[in-house]
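Numbering-wise (the numbering used here), the sequence shown opens with residue 4 and increments by one.
A virtual CB, placed ideally from N, CA and C, is assigned to each residue, including glycine.
A quick note: this is a predicted structure, and the numbers were derived from the prediction, not measured.
So the structure is just underneath, and the comments pick up after that.
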Amino acid sequence: MDDLIGKIEQKYALKVLQQETLRETPKSLVVFLDTSIGKFIGKISYLPKERQHFILNAEAHLRKKGILIPGIQRTKSNQRSIVYKDNLFVLHQWFSWPKIAYSSPKKLEQVGAALGRFHLQSLGFTSKHGELYNGAKKWSEEYKTDLAALEKWEQRHMSKKNPKSTTIVEYLPYFRQAGLAAREQLKSSAYFSSWKKLALRKHFLCHGDFNNGNLLTRNQQIAIIDWEDVRYDFPSKDISRVLSLAMRKAGSWNEPLFTSLLRAYLQENPLSAEQLHLLFVDLTFPHIMERFLRMKQYEEMDVAEIQKFCTREAIKTAYMLDELKALA
């Protein structure tokens with residue numbers, strides 16, 4: 004760490020007064036730095052350089068469009084990063100704001116509005132590396148492989164007698180049925196076929212991890228941090244993430260929370276009828292259930308918690324199916 008601090012002091016013309024390692028994983032190093040010119044968050048993401056430049060360029064595009072993202076401290080030579088052990092190190096402005104809570108319809112309105120503004124303003128972003136991070140290319144295969152994964156998990160566990168497996172297996176036929184219905188809607192969607200072929204500047208950017216830990220708030224403003232998962236994709240990906248976390252916080256499916264979220268979102272980023280249909284197709288598909296099984300999240304839960312999770316996901320899916328049928 005001493006050699007990194009020395010390089011920071013040299014390249015940025017500052018003195019580090021205090022330092023603290025906030026996160027050190029195989030994916031990234033994040034440090035807090037109190038310096039002679041202010042407080043910063045320094046970050047190294049162990050990603051290919053083209054990926055790191057895609058992230059930095061996406062952030063820069065969004066800042067220019069008025070999306071509140073902590074600024075980057077430039078070096079003495081006006082560079083936005085330095086190289087440390089063949090990885091880019093970036094110094095971000097430090098925000099001491101608290102995280103927003105997904106605790107009420109009003110809070111979800113704030114989140115929905117911030118998400119809608121971000122998606123709308125992301126249009127027009129281009130990158131020479133963009134095709135590497137185009138989520139639209141993966142949808143059809145993802146739907147196919149996720150359905151196969153649900154079926155495989157069910158077959159592997161249906162004869163097991165432990166209560167956790169038994170509880171999950173009871174729900175899987177319903178989720179697979181809903182997934183098949185969503186997949187058929189996807190296949191027949193003329194908009195989906197045309198959307199995949201659009202120039203990337205006409206695709207939305209998605210944050211990829213739009214959780215309340217990455218949303219800092221003060222005086223009705225929301226700053227968005229941690230853009231490592233940003234890519235071109237459809238709004239449903241970020242909306243699904245917000246909704247899943249809000250449901251976890253509420254402990255159950257909560258229609259008013261979703262209504263507040265979506266209404267505020269659409270006020271900032273109005274979607275056409277075709278876009279709204281695709282949104283509900285993707286919200287109907289059991290992505291969250293597949294991830295729950297793939298990540299083995301049930302291992303950290305007791306049977307009652309698993310039952311609660313599966314029930315709220317099933318009720319949410321039924322709601323999305325009804326909305327999808329109404330829009331078809």
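**Complete alpha helix (DSSP H) runs within the region 120 to 205 (minimum length 4 residues, chain order)** = 142 to 160, 166 to 191 and 193 to 200
For the candidate residues 53, 8, 29 and 62, whose alpha-carbon lies nearest to that of residue 38? 8
Margin query: Using 8 angstroms as the threshold, is the C-beta distance between residue 30 and residue 48 below it?
Written below: yes
### Message
Threshold first: 4 residues or longer. Then list the alpha helix (DSSP H) segments lying entirely within the region 209 to 267, N to C.
### Response
With a minimum length of 4 residues, the continuous alpha helix (DSSP H) runs that stay inside the region 209 to 267 are 239 to 253.
### Message
Closest to residue 331 by C-alpha separation, out of 315, 187 and 220, would be which residue?
### Response
187
Among 135, 74, 221 and 291, which residue has its Cα nearest to the Cα of residue 93?
74
Notebook entry, point to check: Ends of the alpha helix (DSSP H) at residue 9?
Noted result: 5 to 15
**Message:** Excluding the 5 residues flanking residue 212 on each side, which residues of the same chain have their C-beta closer than 8 angstroms to its C-beta?
**Reply:** For residue 212, the CB contacts under 8 angstroms within the same chain, skipping 5 residues up- and downstream, are 229, 231, 232 and 244 in chain order.
Take residue 112 and list the residues in its own chain whose beta-carbon comes closer than 8 angstroms to its own, dropping the five residues that flank it on each side.
-> 263, 264, 266 and 267
According to the neighbour-count rule (16 or more other Cβ atoms, all chains shown, within 10 Å of its Cβ), is residue 28 buried or exposed?
-> Exposed.
- Item | Anticipated Cβ contact below 8 angstroms, residue 35 with residue 97, distance rounded | The C-beta distance from residue 35 to residue 97 rounds to 7 angstroms, short enough to fall under 8 angstroms.
Exercise. Can the beta-carbon of residue 189 be found less than 8 angstroms from the beta-carbon of residue 146?
Worked result: yes
- Which term fits residue 284, buried or exposed, when burial requires 16 or more other beta carbons within 10 angstroms of its beta carbon? buried
inquiry  = For the region 236 to 243 against the region 268 to 288, do three or more pairs of beta-carbon atoms, one drawn from each stretch, fall closer than 8 angstroms, so that the two count as touching?
reply    = yes
| message | Could you tell me the alpha carbon to alpha carbon distance between residue 218 and residue 158, rounded to whole angstroms? | response | 40 angstroms
When 183, 315 and 20 are compared against residue 148, the one with the closest alpha-carbon = 183
**8 angstroms Cβ cutoff met for residue 293 and residue 175** = It is not a contact, given that the beta carbons lie outside the stated cut-off.
- Message: Check whether chain C comes within 8 angstroms of residue 117, counting only Cβ atoms and requiring the distance to be less than that.
- Response: Looking for chain C here will not work: only one protein chain is present.
Just grab the DSSP bridge partners of residue 38 for me. 19 and 41
inquiry  = Taking DSSP's pairing of strands, which residues face residue 67 in a bridge?
reply    = The partner list for residue 67 (beta bridge, DSSP) is empty, contrary to what the question assumes.
Quick one: does the C-beta of residue 164 sit closer than 7 angstroms to a heavy atom of the ligand MG?
-> Of the ligands one can find in the structure shown there are none, so the ligand MG has no counterpart to examine.
Exercise. Just how far apart, CA to CA, sit residue 214 and residue 114?
Worked result: 10 angstroms
### Query
If you check the beta carbons only, do residue 224 and residue 71 fall under 8 angstroms apart?
A distance below 8 angstroms separates the beta carbons of residue 224 and residue 71.
task = Please report how far the alpha carbon of residue 83 lies from the alpha carbon of residue 220, in whole angstroms.
result = 25 angstroms
**Report entry** Spatial neighbours of residue 160 in its chain, beta-carbon cut-off 8 angstroms, leaving aside the 5 residues before and after
**Finding:** 168, 171 and 172
By Cβ distance, which residues of its chain are closer than 7 angstroms to residue 19, with the 5 residues on each side in sequence left out?
Hits under 7 angstroms: 8, 11, 12, 36 and 38.
Original post:
Where do the ends of the beta strand (DSSP E) carrying residue 85 lie?
Top reply: 85 to 87
- Query: Using DSSP with H/G/I as helix, E/B as strand and the rest coil, what is residue 60?
  - Reply: helix
**OP:** Leaving aside the five residues before and after residue 177 along the sequence, list all residues of the same chain whose C-beta is less than 8 angstroms from its C-beta, in chain order.
**Re:** Spatial neighbours of residue 177 in its own chain (CB-CB distance under 8 angstroms, excluding positions within 5 residues in sequence) are listed in chain order as 317 and 320.
With 16 other Cβ atoms within 10 Å as the buried cut-off, status of residue 129 = exposed
query = In terms of DSSP beta bridges, what is residue 277 paired with?
reply = The partner list for residue 277 (beta bridge, DSSP) is empty, contrary to what the question assumes.
Q) Per DSSP, residue 24 forms a beta bridge with which residues? A) 34
**Report entry** residue 79 (DSSP reduced to helix, strand or coil)
**Finding:** coil
Excluding the 5 residues preceding and the 5 following residue 252 in the sequence, name in chain order all residues of the same chain whose CB lies nearer than 7 angstroms to its CB. So the list reads 105 and 106, once near-sequence residues are dropped.
(message) Can you list, in chain order, the residues of its chain with a C-beta nearer than 6 angstroms to that of residue 120? Leave out the 5 residues immediately preceding and following it.
(response) 271
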